[in-house]
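Per full-length UniProt numbering, residue 1 is the first one in the sequence shown, and the count goes up by one each step.
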Amino acid sequence: LIPPEADSGLEPFARLTNAASSFRQVISNATNTLSTEGLSGLLARIPGAQQGIEQFSDVVATVTNPEFWTKLASTGTIEDMTSAQAERLSDGINKLTAGLSDVVSNLPDISEGQMEDTDHKNPHFFPGRNVIVHLFEWKFADIADECERVLGPAGYGGVQVSPVNEYVRAMNRPWWERYQPISYEIRSRSGNEREFAEMVRRCQRAKVRVYVDIVANHMAGPGATTPLYGTAGSPSDPAERLYPAVPFNKSHFHQHCIIETHLNASEVHNCQLGGLPDLNQTNPDVREQIVDLMNRLIEHGVAGFRMDSAKYISPDDLDSIYKGLKPLNPSFEFPLFVAPFIYQDVEDFSDDSGTASQYTDIGVVTELKYSLYVGSIFHSALPAPTLQALTAANATQNGLIPSESALTFVDSHMNQRSHGAVSKLILTYKDMPQYMHAIAFTLANDYGTVRVMSSYRFNDDSRGPPADEREQILSPGTAEDGYSCLNGWVCEHRWPVLRRMVAFRNFVQPAAVHDIQATNETFTFCRGNIGFAAFNVGTITRDIVVRACLPAGEYCDLITGEKRDTICTGTRVLVNQDSTVSLTLPAASSLVLDLRNRVM
């Protein structure tokens with residue numbers, strides 16, 4: 001026992017406490033998921049560990065008390081610690097160490113055991129949480145802070161982080177450099193592997209899951225100079241297909257060819273996307289490198305992955321990669337032997353060989369058509385009743401993938417920057433107030449797993465994240481209003497209305513959308529008998545009388561405010577005895593009610 005000279009002196013005890021906590025979590029998960037026979041087998045491997053934990057816990061309060069160390073520092077002895085305490089501490093630590101060592105020696109059997117749940121469609125949210133936010137280009141330390149200060153308290157279920165492994169350092173540091181890998185070392189503008197691991201642990205404590213963007217289709221493309229260097233300093237020669245830090249060479253890539261038509265599946269899966277060297281995922285070495293990265297991230301506690309450019313990898317090759325993944329790490333409060341959540345980037349406009357339905361058997365798929373529909377409707381390009389096509393009960397008959405297989409969003413880091421006719425249909429933070437109301441609809445609706453975009457401001461489509469003169473990413477900070485970000489960050493996820501809508505979605509799940517009532521400009525629906533939402537996508541004010549499916553009383557509208565004690569900070573809405581409500585909906589507006597925000 002060494003007296004601490006600063007607070008960090010207690011770190012060994014904090015680590016032991018964390019180890020004990022992780023051990024308890026493994027046992028708890030085993031109790032909930034293993035058969036009686038399997039649980040008995042596991043417990044047989046850890047004799048004395050639980051007793052050691054209890055003894056250690058009894059004494060750790062003493063040795064972490066600053067007064068104990070003050071006395072010890074002044075006397076230079078441990079006379080103030082009774083012999084019984086010292087003996088109990090020593091015995092407890094010995095038993096804990098022995099027990100945990102026995103567990104660790106058997107962890108390969110546990111972590112590499114047969115995946116009992118191969119469902120890649122479960123996001124593994126903590127209970128009562130249902131929404132992912134994409135903190136695009138954020139630093140790991142800032143993500144950890146955001147989990148603790150904003151995402152956890154606001155009820156967000158998970159955070160998607162930008163690619164974490166080494167990528168090319170491109171001139172002017174555009175955002176797309178993240179999607180041109182140089183190696184699979186975890187080192188990026190966001191931070192290193194240690195910082196990543198700390199971020200995942202802090203987010204887990206805040207009840208926020210972490211999902212990592214994985215680039216498995218290609219490596220960095222040729223640049224103006226050779227060699228090209230990555231964010232970890234690794235050299236590469238893309239023109240010669242040389243990436244020594246992996247190591248990859250020409251044998252690991254498909255033959256050089258260009259995708260000339262998306263109607264040819266072989267071209268889509270085996271030729272170059274935008275001139276980027278196309279990896280051959282049937283090559284065992286390629287597959288092993290990708291799997292090793294993903295398994296390393298699983299060991300660090302992530303809950304799943306976004307597979308970038310999945311459309312350009314055959315479903316069979318992706319399935320083979322997924323079969324090589326370990327179960328999620330149970331010390332991060334996952335059940336034993338469960339598969340990671342996987343959502344795949346597949347652009348499907350039904351006019352080429354790669355369709356979303358080809359990938360739904362192996363994971364969730366990003367439903368880009370949802371973005372186009374919801375954008376068109378809130379742009380007033382389509383009538384309000386079209387929103388019915390975006391509900392869980394009606395999606396498949398209108399050309400969307402099933403709700404359980406869909407990741408839905410109003411915008412993404414990709415389609416924010418799209419060009420041509422499609423770009424005019426996508427709503428972003430630049431399209432207020434329609435954008436906010438489209439997100440409100442998406443969160444009030446019951447279709448898919450929802451991801452909210454958190455952006456930074458840009459005019460140039462290639463512009464990277466806000467950074468200083470040394471190209472270090474700037475932190476978002478917090479403005480005087482208590483929620484807005486600084487330094488060029490938009491931070492849509494912090495907007496009060498979005499935070500209230502995240503809470504609404506958490507509250508009404510799993511109640512389905514029903515009692516849809518629509519006119520050419522207005523659309524209303526209920527979520528069970530606990531929630532109600534109304535939208536005007538038109539250009540003029542509309543007065544309507546509709547069923548709200550809520551008990552009679554006065555409610556506080558979540559778009560304009562919330563209930564605080566008995567006060568409504570927004571618009572009060574009266575629900576009549578027959579559950580009807582009379583509404584005046586201005587152009588491009590929405591209104592949302594739920595039982596939690598009933599004020600009278």
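C-beta atoms are modelled at their ideal positions from N, C-alpha and C, and glycine is treated no differently. The model shown is predicted, which means the values in this text are computed figures rather than measured ones.
Beta-carbon contacts of residue i that lie in its chain and below 6 Å, excluding the five residues immediately before and after
i	result
Q517	T524, V546
T560	G570, T571
T261	none
residue 612	The structure shown does not extend to residue 612, since the chain is modelled only from 1 to 600, so the question has no answer here.
Q509	N130
A406	E367, G448
L595	I530
H413	F136
L372	L425
G464	R173, P174, W175
Proximity test, residue i beta-carbon vs the ligand ZN heavy atom, cut-off 6 Å
i	result
E562	Summarising the ligand content, the structure contains no ligands, and the ligand ZN is consequently not present.
Closest residue to residue i among the options (Cα-Cα distance)
i	options	result
E367	T571, A392, E471	A392
G152	D117, Q204, N192	Q204
E404	T580, D411, S579, Y343	Y343
D145	F126, E198, Y179	E198
V410	A440, R129, Y312	A440
K139	Q434, V452, Q160, V497	Q160
S309	R296, V215, L400	V215
K250	N280, N165, Y429	N280
L443	S475, T408, H134	T408
G528	L591, H514, T522, S357	H514
G304	P163, M453, A395	P163
Burial state of residue i, where buried means 16 or more other Cβ atoms lie within 10 Å
i	result
N506	buried
S190	buried
I567	exposed
E538	Residue identity check: residue 538 is Gly in the sequence provided, not Glu. So G538 counts as buried.
D292	exposed
N329	buried
I132	buried
residue 602	Nothing in the structure corresponds to residue 602, since the chain is present only between 1 and 600.
G324	exposed
P181	buried
M600	exposed
F248	buried
M171	exposed
P127	exposed
A356	buried
L574	exposed
Start-to-end residues for the beta strand (DSSP E) that takes in residue i
i	result
P181	181-188
V374	Counting along the chain, V374 falls outside any beta strand (DSSP E), though it belongs to the alpha helix (DSSP H) covering 368-378.
S590	589-594
S582	580-585
R149	Neither: R149 is in no beta strand (DSSP E) and is coded neither H nor E.
C556	553-556
E166	165-167
Cβ neighbours of residue i in the same chain (closer than 8 Å, five flanking residues each side left out)
i	result
A479	C485, L486
Y322	H120, A339, I342, I362, G363
P277	H218, M219, A220, G221, P238, R241, F253
L273	N217, H218, I259, S309, Y312
N- and C-terminal bounds of the alpha helix (DSSP H) containing residue i
i	result
D119	Here D119 belongs to no alpha helix (DSSP H), and DSSP marks it neither H nor E.
D316	315-323
S266	265-270
N295	284-299
I439	434-444
N506	496-508
A197	193-205
Integer-rounded CB distance, given that residue j should sit under 8 Å from residue i
i	j	result
A511	G531	7 Å
Y211	F341	7 Å
H269	Y312	6 Å
L593	Y555	4 Å
V374	A438	5 Å
I208	Y156	The question names Ile, but residue 208 is Val in the sequence shown. The pair is a contact, with the Cβ atoms about 6 Å apart (cut-off 8 Å).
V490	S454	7 Å
S188	V246	Between V246 and S188 the Cβ distance is about 16 Å, and since that is not below 8 Å, they are no contact.
L318	P327	Not a contact, Cβ separation roughly 18 Å.
R169	T231	6 Å
Own chain, CB closer than 7 Å to residue i, minus 5 neighbours either side, in chain order
i	result
P108	With a pLDDT of 48 at P108, under the threshold of 50, the modelled position of this residue cannot be trusted; read the value that follows with caution. Correct list: empty, nothing qualifies.
N576	A552
W176	S462
A587	N536, G538, T539, I540, T541
D142	S475, P476
R500	L558, E562
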